[in-house]
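Remarks on the structure that follows.
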Amino acid sequence: MDKFMQQLWGTNAECYVKRHKLKPENLCSVIIYLSEIFIFFGTYAFQPIWLDMAYTGAPLGEMVQWSDLIAALYILGHDVTLSVNSTTYQGYLSPPKSRGCSDVFEPEFDLIYTDYNGLSYMRSHIVPNMSPYLCRVRILDSFGTEAQFNYGAYGVAIPGEKTMWGRADVNLRQIMTMFPHSPDNLFLGFVVSEPIPEDAKPMKKKPIGLVYGKDVEFWKGKREYLDTLHKYLEIHGTYFGMSEKEIKENVPEYVLAHGILSKPDLEKLLQETKVFIGLGFPYEGPAPLEAIAQGCIFLNAKFDPPHNRLNTEFFKFKPTLRNITSQHPYAEVFIGKPHVFTVDISNLSLVEEAVKEILKIEVKPYLPREWTHKGMLERVNAFTEYHNFCEHIERWPPLSEMTLVMGAAGKSCVEVCKERELLCEPTFFVDVNTEEDLKRFGMKCTHVETKESLIAPSYDVSTLTCTLQEQPVLFACVAKEPSARRLCPCRDFQTQQVTFCKKCH
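The sequence shown begins at 579 in this note's numbering and counts up one residue at a time.
Below is the structure:
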């Protein structure tokens, strides 16, 4: 992780500090206060060899995110304490000795960043009372957590059943993701590279296709697909295998092998590469964004039907019902052509059409601002400064930024807000959880019920029942039911930094 931080943040951190005059005497003019922050890297504590596996198949994207979070907090001037040990981390925390003391107990840290493994450790060892810490916890969760998985006492059957992950019983905004999957969780993200200059020119590319797949297991069953691409491209790979036999069985003989490359060497190869070739796995990693930032065109594998926890083993135990429409949904939806071609890679005629079109065009390097150092620092600064889940203070984003919309039956608030080119903002649900707000939109409630619900506040068009929320941790943007019209709090957003509304940062 230290190596990742030096490569990505070294000179950029120094430049940022100088530009914003981040010196001890004026740090408080940049952020409201400096926080005491504890980082407990639970996965590393659970599996100490995990980081050592960075170049042999471990989830590199998660390591990058942790590295970028630590670097951003440090650059912003916060006091950061890091623990990676499953036993010694307890020495940094002094929980109250009895449950009755929790209301007067002041934790040592303003924020605690961890993951689900870390949260599990804390709940096992910080006894008898974890409650003073829970509102300060921020959970890094790559693929996101939905409300019904987060709420441990949720009593309704969940498709695919519950999982060991989730059950945190926190505000969903305390859960931070790699990509902006859902407005219910916070998009923390990571850093890809420096900003692309506005006057950047298309890069001179060779007819090279670099396969996105560092483990030869990812290459299984892709021979015909790669053969089709090989008609037009020189195929390269950066991969490892457990044995020569395994490599021979899965990797075509025409592939030029580079092994696992360092970041500078990979960037050099990407600068020559025309097409970054998706195999369908891994899901939602940083590599496609890195390739696009180097002027490559990403061939993104489309999924039909979409992958989810009911039909795909990888998602079986993930605490989400998301339908994954491609290998990289962010690249598909937020970037798209000409930088991203999303194609059913099992349809070889479509693959051939796509590669022919790709070879005819030139593209500039491209990177949305939210993946730059500045974009990451803006988010981490805002989350640290504005989010407080322990006290009932003025919420952020400000309530003045809300646009309230009554949706059509059967639509989620994500869909309702998107129709108006807005985002659902779950922070505001608590402010509109009233019968009066529903009646403002002409809903004639013959009956009003307050209960634990994923769709509250809402109006049922078949029973004429208005439903209000009883359990705040179940407020969610993504849920929908066929006969329910949802009352949806929406907001606008900044281009290339969707976390922020236009006037709130």
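Just so you know, even glycine gets a beta-carbon here, dropped at the ideal spot from N, CA and C.
Once you ignore the five residues that flank Tyr832 on each side, which residues in its own chain have a CB closer than 7 Å to its CB?
His808 and Ile813
Only counting the same chain, and skipping five residues up and downstream in sequence, which positions put a Cβ closer than 7 Å to that of Asn749?
Phe967 and Val1051
Given a cut-off of 7 Å on the beta-carbon distance, is the pair Gly696 and Phe616 in contact?
no
What are the start and end residues of the beta strand (DSSP E) that includes Asp856?
The sequence as given places Gly at residue 856; Asp does not occur at that position. Note, Gly856: beta strand (DSSP E), Val853 to Gly856.
Output needed for His1025: all residues of its chain with C-beta closer than 6 Å, excluding positions within five of it in sequence on either side, in chain order.
Thr1043
Do Phe1007 and Thr1053 come within 7 Å of each other at the CB atom, strictly closer than that value?
Reading off the sequence, residue 1053 comes out as Phe, not Thr. Yes; because the gap between Cβ atoms is below 7 Å, this pair is in contact.
Where does Gly787 sit, in a helix, a strand or coil, going by DSSP?
Here Gly787 sits in strand by DSSP.
According to DSSP, what are the bridge partners of Cys1044?
BP columns for Cys1044 point to Val1026 and Tyr1037.
Measuring straight from C-alpha to C-alpha, what distance separates Lys779 and Gly873?
9 Å
Pick out the complete beta strand (DSSP E) segments inside the segment 956-998, 3 residues or longer, and give them in chain order.
981-984
Which complete alpha helix (DSSP H) runs does the segment 656-730 hold, if anything under 4 residues is left out?
694-703, 709-712 and 725-728
By how many angstroms is the C-alpha of Pro1035 removed from the C-alpha of Leu867?
A straight line joining the alpha-carbon of Leu867 with that of Pro1035 spans about 38 Å.
Within this structure, are the beta carbons of Glu614 and Phe683 separated by less than 7 Å?
no
Which of helix, strand or coil does DSSP assign to Glu614?
Assigned with DSSP and collapsed to three states, Glu614 falls in strand.
Short check: CB of Phe854 to CB of Tyr790, under 7 Å?
yes
Between the Cα of Met708 and those of Thr692, Pro674 and Lys740, spot the shortest distance and give me the residue it belongs to.
Pro674
Decide if Lys800 is buried, meaning its Cβ has at least 16 other Cβ atoms within 10 Å, or exposed.
buried
So what does DSSP say about His759, is it helix, strand or coil?
coil
I'd like to know whether the C-beta atoms of Glu969 and Pro1067 end up nearer to each other than 7 Å.
When the beta-carbon positions are compared, Glu969 and Pro1067 stay at least 7 Å from each other.
Per the DSSP calculation, Val921 is bridged to which residue(s)?
Ala879
Just the C-alpha distance for Gln1072 and Glu979, rounded to the nearest angstrom, thanks.
13 Å
Between the segment 765-774 and the segment 643-652, can you find at least three pairs of beta-carbon atoms closer than 8 Å?
yes
Using 8 Å as the threshold, is the segment 814-831 in touch with the segment 928-946, meaning 3 or more CB pairs across them?
Touching, no, given that fewer than three Cβ pairs across the two stretches are closer than 8 Å.
Suppose you measure from the CA of Glu772 to the CA of Lys792; what does that come to, to the nearest Å?
24 Å
Hey, how far is the Cα of Leu982 from the Cα of Asn828?
53 Å
Name the two residues that bound the continuous alpha helix (DSSP H) containing Glu640.
Its alpha helix (DSSP H) spans residues Leu638 to Ile653.
Going by the beta-carbon positions, is the gap between Ala1057 and Leu1032 smaller than 7 Å?
yes
State the Cα-Cα distance for the pair Gly639 and Ser720, rounded to the nearest angstrom.
9 Å
How about Gly655 and Leu612: do their beta carbons lie closer than 7 Å?
yes
When the distance is taken between beta carbons, is Pro758 closer than 7 Å to Val1076?
yes
Give every residue of the same chain whose Cβ lies closer than 7 Å to the Cβ of His917, excluding the five residues on either side of it in the sequence, and list them in chain order.
Ile870, Ile875, Phe876, Val941 and Tyr944
Grab the span of the alpha helix (DSSP H) containing Ile939 for me, first residue to last.
No alpha helix (DSSP H) holds Ile939; DSSP gives it neither H nor E.
Let me know the secondary structure DSSP gives His1083 once reduced to three states.
coil
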